[in-house]
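Visitor:
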Amino acid sequence: MFEAILLTCVHHIQAERTISGIYHLLTGKRSSQTMQDAKGYALEGFFGIYKSLERHQLDHYFNQLEQKGMIETNDQQFVHLTEVGEKGYQEIDASAIAYFQGLTYHQMTPVFEKRLLLLVQTMTNITNNRRSFIPIIDDAPTQSWVRGIYASYQGQTDSFVDSLHEELHTLLSGRTTREAYVFSSRLTGNGVIGLTYEQLSTESGLSKEDVHLYLQHVYHYLLQKVRQYPSSFPILSQCIEGLGDSTLITQSANRTYYYIKLGWTIDEIMKKRRLKKSTIQDHLVEAALVIPDFSIDSFISIEGQSLILSMTESLETKRLKQIHQGLNGEFSYFQIRLTLAHHQHFSKEGTSYA
Amino acid sequence: MHDLTHYLEQTFGYSTFREGQRTIIEDVLRGDDVLGILPTGTGKSLCYQLPAQIQEGITVVVSPLISLMIDQVKQLKSQGYKSVIALNSFMDREQRMNAMKNVTRYKLIYVSPEMLQNDWLIERLQQATVDLFVIDEAHCISQWGHEFRTDYLKLHRVIHQLGDPTVLALSATATPEVQEDIKEKLNRPEMKQLIYPMDKPNISFAVRHVSSPGEKVKQIKQVIAKNDAPTMIYFSSRQWAERVAAELQQIGTRRVAFYHGGMEQTDRMLVQQQFMNDQLDVICCTSAFGMGVDKKNIRLVIHYHFPAQLESFIQEVGRAGRDGHPCVSLVLHTAKDHLLPQMLIESEVPEKADVNHILSHINGYRSSNEPLPEDELVRERLRLSESQWNFIKYQLEERGVIDGREVINKPDHPHVVRDIIQVVQERWHYKQSKLKEMIDWIHHTECRREALYRPFQDEVRTPIVACCDACSFDIDALELSTQKKKSSTRTWEERLALVFGRGGNHETSSRNHPTNER
Ligand SMILES: Nc1ncnc2c1ncn2[C@@H]1O[C@H](COP(=O)(O)OP(=O)(O)OP(=O)(O)O)[C@@H](O)[C@H]1O
Ligand SMILES: [Mg+2]
Ligand SMILES: [Zn+2]
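Written as structure tokens, this is what we have:
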């Protein structure tokens, strides 16, 4: 699974980003650059799906891919697929990674997971008359959430447990046995303690990284189905109550955007917010990426925009440097980025990289 | 007088007190300051948890390890004991502010010594009545105790600020020397001492000298092949714990896991609970495990690495046989094994030769009228470990050289330098001599039980099991076994049904379940 994800990432970025860029994407770094990459290369699904990933784990995988001759790194440290790698990419079973929606779910997933784990532990222990147990989830908000649910189902815990069992059973039946197995083995309840990543890895013969990603994938799948058919999964729907989609724009960028809407200039915002010009510009690009009706015309003329777009098409790249040179340096990097960001909302091009 | 047995039944569901508990509780309720030394696992916590429940005011418990506090609070809550909280630096700001604001609502408050340096918390506590002030793991107060912590030394001031409540100091391992030091540092020379024997009559001791680490693993494999019973293996390093766990997993007949402080939070919780729940047979761990782990049926404690002093060793083997049934301690030893604890000591105490350099660096801040930067930064600049820096910082505070972050006096004054170098030397010698005691014990050729417990108590009881490898104990002849739950690989549907208690044949785990189910 991890390998498939990495090949997909490399395929999409085609020698325009380094391994670090992929690392930031998977760990969900909340920076303008990373979010732009996620959107620009149509890799939103993988944003933040592996927050605890350590750099050496990723490097290890990339070394392996390199040894297998699937990827190459050029002298600027940009990675791209070799022919072998491209073949490997074509062979990926798309359904195995189809449910990832990182950019939307990366903040919701950990909360949902903690709630579900503790809810299962609590309710199954109680209906089976085990009143004394140590909660496996140790944070106060989750515990008080579970207490609330417990209070509202007092006296009906038996049927509650049956329904939750059934909801999960129905949904897991829609996944591979491997995913369903990893997911159910992680659960704690009724006096049975769930397995650690390490143990799941030994039991299922998967790498630790894959165990992590399979679990994430199931969670994203559950989130998606539950939101799609809330009335079929009433208890799981309760588990996501109050959890909104992630806001796509960082708070800081949002503030900048707010001043722009008030009609301030970049220089004025710089002074007011005591930020560097480049930071403000990053904010604007970020805003352009997520807000389709943000008009960029005051930063670059319509003619300029169409010049940049046609150059991008003819060069078949999103690499700023090439576009910049192709236009003889007539437009700044900021103007180019802003244009590309703004127009991905309207061109089919935006998804053709997928 | 209170009907203590009634309270015991009602609150904890136990019918009788263990040795020492009643006496300590009665003394404390009468208002006597008590220093209680009770062996590991005999129920020291109850000695303050019960009074906390009975008395009107608040009971404050100082505890050295956050994980320990949290475990205890969790356990109490699971028993239905509600008005209890652990204040610690792991709480986020908001949680902490909230808890502190409402601090007077609780009856039992666990707190780290660092937190007690917070003036605001003290003010809050002053608005209520603190009836009892407890110092758990009190040997931390003593520089001659095995886990000396400088923040513990400021506790006597806190006690005074809180209106001099009754003081209860508790420890499992404190030599007479440490006991004296505790009373002195707490400013309570009149404290009543209640010392109970710490020898475990149900444990047998053995040491195996082997030629290499590989040989150790071979030994472990042999021992656990013949003894199918809950086993802990102690390591001084995370890597070794992981590595040996992986090797033992290869055997395939035992369920093995490792546990150390570097693991992800939920995984740590899972491993601990699996072991408690008999889903694991063998746990390869560092000293991070064990504190607060109260599993009754551990039969075998193996030391792959030995600790740097006998006190820690006693505490670690104390995890075994809490149910009173026979259990075994095995130490595996190679000729090079002293190097690791040696290095550990070096990382704890600053080097004599570095003292001058450290002090003149600190003088630099004074000259340029700067406050000390954050601890981490100073440590980085001076290349000191956390405990090395704490040690220096405390020495400078005591000598009035620094006050908080301000350097108020010249740190490289000759007599300051001389004094600190002397303390460093003393500490160094002390640690070395503790290590030597441990190593001597390993090479001891007469009764190990005598040699281990004699420094702590006058009489060592006759064991109810074979005593030690110098007397009559032969570990090769040992064959322990416990019946255990079968676990078979299941399909995901069976596993799910099991967790939901809706499977036909799910196993029960009553055997090792907390006894206080109501
Ligand atoms: N009177 C009693 N009857 C039965 N069980 C008891 C009694 N008192 C305490 N226990 C149990 O003994 C176990 C050990 O207690 P506790 O953790 O307080 O020991 P401790 O002396 O503090 O050990 P350590 O040195 O490891 O900190 C707990 O499970 C506790 O519930
Ligand atoms: Mg204790
Ligand atoms: Zn003996």
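Chains as they are written, first to last, in the numbering used here: chain A, 20 to 373; chain B, 36 to 553.
Note that beta-carbon positions come from the ideal geometry of N, C-alpha and C, so glycine has one too.
For V130 (chain A), tell me which candidate among A:E22, A:L346 and A:Q235 has the shortest Cα-Cα distance.
Guide: Looking up residue 130 (chain A) in the first sequence gives position 111. Looking at the Cα atoms, A:Q235 is the closest of the given residues.
Visitor: In chain order, what residues of the same chain have a beta carbon less than 6 Å from the beta carbon of Y140 (chain B), not counting five sequence neighbours either side?
Guide: Start at 1 with the first residue of the second sequence, and residue 140 (chain B) comes out as number 105. First, the residue type needs correcting, since residue 140 (chain B) is Arg and not Tyr in the sequence shown. No residues qualify anywhere along the chain.
Visitor: Could you pull out every unbroken beta strand (DSSP E) segment of at least 3 residues lying fully inside the stretch 306-383 of chain B, listed in chain order?
Guide: 317-320, 335-338 and 362-368
Visitor: Is there a Cβ from chain B that is less than 8 Å from the Cβ of T146 (chain A)?
Guide: In the first sequence, counting from the first residue as 1, residue 146 (chain A) sits at position 127. Yes, contact with chain B.
Visitor: Is R484 (chain B) near ligand 3, judged by its Cβ being under 7 Å from some heavy atom?
Guide: Residue 484 (chain B) sits at position 449 when you count from the first residue of the second sequence. Checking every heavy atom of ligand 3 against the Cβ of R484 (chain B), one is found closer than 7 Å.
Visitor: Could you tell me whether the stretch 241-251 of chain A touches the stretch 328-347 of chain B, using the rule of 3 or more Cβ pairs below 8 Å?
Guide: no
Visitor: In this structure, does DSSP put Y145 (chain B) in helix, strand or coil?
Guide: In the second sequence, counting from the first residue as 1, residue 145 (chain B) sits at position 110. In the structure shown, Y145 (chain B) sits in a strand (DSSP, three-state: E or B).
Visitor: Under 7 Å between beta-carbons, which chain C residues line up against S507 (chain B)? List them in chain order, please.
Guide: Protein chains A and B are contained in the structure displayed, whereas chain C is not.
Visitor: List in chain order the residues whose CB is within less than 6 Å of at least one heavy atom of ligand 2.
Guide: B:K79, B:S80 and B:D171
Visitor: Taking the alpha-carbon positions, what's the A281 (chain B) to S239 (chain B) distance?
Guide: Translated into the one-based positions of the second sequence, residue 281 (chain B) becomes position 246. Translated into the one-based positions of the second sequence, residue 239 (chain B) becomes position 204. Taking the straight line from one Cα to the other gives about 28 Å.
Visitor: Can you tell me whether H361 (chain A) is buried or exposed, with buried defined as 16 or more other CB within 10 angstroms of its CB?
Guide: Numbered from its first residue, the first sequence carries residue 361 (chain A) at position 342. Counting the other CB atoms within 10 Å of its CB gives H361 (chain A) a total of 16 or more, which places it among the buried residues.
Visitor: Can you list, in chain order, the residues of its chain with a C-beta nearer than 7 Å to that of T298 (chain A)? Leave out the 5 residues immediately preceding and following it.
Guide: The residue given as residue 298 (chain A) occupies position 279 in the first sequence. Counting only Cβ-Cβ distances below 7 Å, and skipping sequence neighbours, we find nothing.
Visitor: For a contact meaning CB atoms closer than 8 Å, what does S251 (chain A) contact in chain B?
Guide: Start at 1 with the first residue of the first sequence, and residue 251 (chain A) comes out as number 232. Chain B residues near S251 (chain A): none, gap ~18 Å exceeds 8 Å.
Visitor: Mind checking whether the beta-carbon of A241 (chain B) lies closer than 7 Å to any heavy atom of ligand 3?
Guide: Stepping through the second sequence from its first residue, residue 241 (chain B) is reached at position 206. Answer for A241 (chain B): no, Cβ out of range of ligand 3.
Visitor: DSSP three-state label for S206 (chain B), please.
Guide: Walking along the second sequence from the start, residue 206 (chain B) turns up at place 171. Strand.
Visitor: Name, please, each residue of chain A whose Cβ falls closer than 9 Å to the Cβ of Q130 (chain B).
Guide: Within the second sequence, numbered from 1, the residue matching residue 130 (chain B) stands at position 95. Neighbours of Q130 (chain B) on chain A, chain order: A159.
Visitor: Ignore the nearest five residues each way along the sequence and tell me which others in E198 (chain A)'s own chain have a CB closer than 6 Å to its CB.
Guide: Against the first sequence, residue 198 (chain A) aligns to sequence position 179. Cβ within range, chain order: Y233 and V237.
Visitor: Give a yes or no on whether the minimum CB-CB distance between N209 (chain A) and chain B is below 8 Å.
Guide: One-based indexing of the first sequence puts residue 209 (chain A) at position 190. Chain B has a Cβ within less than 8 Å of the Cβ of N209 (chain A).
Visitor: Would you say V378 (chain A) lies against chain B (beta-carbon separation less than 8 Å)?
Guide: Lying before the first or after the last residue shown, residue 378 (chain A) is absent from chain A, which here runs from 20 to 373.
Visitor: How many Å lie between E514 (chain B) and T77 (chain B) at the Cα?
Guide: Against the second sequence, residue 514 (chain B) aligns to sequence position 479. Against the second sequence, residue 77 (chain B) aligns to sequence position 42. Each residue's alpha carbon lies about 27 Å from the other.
Visitor: Since S113 (chain B) meets chain A, which of its residues come closer than 9 Å, beta carbon to beta carbon?
Guide: Against the second sequence, residue 113 (chain B) aligns to sequence position 78. Those within 9 Å of S113 (chain B) in chain A are R150, S151, F152, I153 and P154.
Visitor: Hey, is A163 (chain B) close to ligand 3, as in C-beta under 7 Å from one of its heavy atoms?
Guide: Within the second sequence, numbered from 1, the residue matching residue 163 (chain B) stands at position 128. At a cut-off of 7 Å, the beta-carbon of A163 (chain B) does not count as near ligand 3: no heavy atom of the ligand is closer than that.
Visitor: Residues in the same chain with beta-carbon distance under 8 Å from L183 (chain A), minus the five sequence neighbours each way, listed in chain order, please.
Guide: Counting from one through the first sequence, the residue named residue 183 (chain A) turns up at place 164. Result list for L183 (chain A): L138, V139, M142, I254 and L255, in chain order.
Visitor: Give the straight-line distance between the Cα atoms of K109 (chain B) and F168 (chain B), rounded to the nearest whole angstrom.
Guide: As a first step, residue 109 (chain B) must be located in the second sequence, where it is residue number 74. As a first step, residue 168 (chain B) must be located in the second sequence, where it is residue number 133. Roughly 21 Å between the two C-alpha positions.
Visitor: Any idea what DSSP makes of K87 (chain A), helix, strand or coil?
Guide: Translated into the one-based positions of the first sequence, residue 87 (chain A) becomes position 68. K87 (chain A) falls in the coil class under three-state DSSP.
Visitor: K87 (chain A): buried (16+ other C-beta within 10 angstroms of its C-beta) or exposed?
Guide: In the first sequence, the residue the question calls residue 87 (chain A) occupies position 68. Exposed, because fewer than 16 other Cβ atoms sit within 10 Å of the Cβ of K87 (chain A).
Visitor: According to DSSP, simplified to helix, strand and coil, what is V436 (chain B)?
Guide: For the purposes of this step, residue 436 (chain B) is taken as the residue at position 401 of the second sequence. In the structure shown, V436 (chain B) sits in coil (DSSP, three-state: anything other than H, G, I, E or B).
Visitor: In this structure, does DSSP put Q228 (chain B) in helix, strand or coil?
Guide: As a position in the second sequence, residue 228 (chain B) is number 193, starting the count at 1. Note: Q228 (chain B) maps to strand in three-state DSSP.
Visitor: Should S545 (chain B) be labelled buried (16 or more other beta-carbon atoms within 10 Å of its own) or exposed?
Guide: The residue given as residue 545 (chain B) occupies position 510 in the second sequence. Reliability fails at S545 (chain B), whose pLDDT of 36 lies under 50, so the model's placement of it is uncertain and the value that follows must be treated cautiously. Exposed, by the Cβ-count rule.
Visitor: With burial defined as no fewer than 16 other Cβ atoms inside 10 Å of the residue's Cβ, what is the status of W424 (chain B): buried or exposed?
Guide: What you label residue 424 (chain B) is simply residue 389 of the second sequence in a count that begins at 1. By the neighbour-count rule (16 or more Cβ atoms within 10 Å), W424 (chain B) is buried.
Visitor: Give me the subset of the stretch 210-235 of chain A whose CB atoms are less than 8 Å from a CB atom of chain B, sorted by chain position.
Guide: Legend: CB atoms of the stretch 210-235 of chain A lying less than 8 Å from CB atoms of chain B belong to residues G210, V211, I212, G213, L214, T215, Y216, E217, Q218, T221 and E222.
Visitor: Going by DSSP in three states, V534 (chain B) sits in which element: helix, strand or coil?
Guide: Reading the second sequence from its first residue, position 499 is the one you call residue 534 (chain B). It is helical.
Visitor: Can you list the beta strand (DSSP E) stretches of 3 or more residues lying completely in the stretch 81-136 of chain B, in chain order?
Guide: 93-97 and 119-122
Visitor: Under a CB-based cut-off of 8 Å, is G536 (chain B) close to chain A?
Guide: Residue 536 (chain B) sits at position 501 when you count from the first residue of the second sequence. Output row for G536 (chain B): interface = yes.
Visitor: Does the distance from the C-beta atom of G67 (chain A) to that of T46 (chain A) stay below 8 Å?
Guide: Stepping through the first sequence from its first residue, residue 67 (chain A) is reached at position 48. Stepping through the first sequence from its first residue, residue 46 (chain A) is reached at position 27. Yes. Within cutoff.
Visitor: Could you pull out every unbroken alpha helix (DSSP H) segment of at least 4 residues lying fully inside the stretch 136-200 of chain A, listed in chain order?
Guide: 159-171 and 176-191
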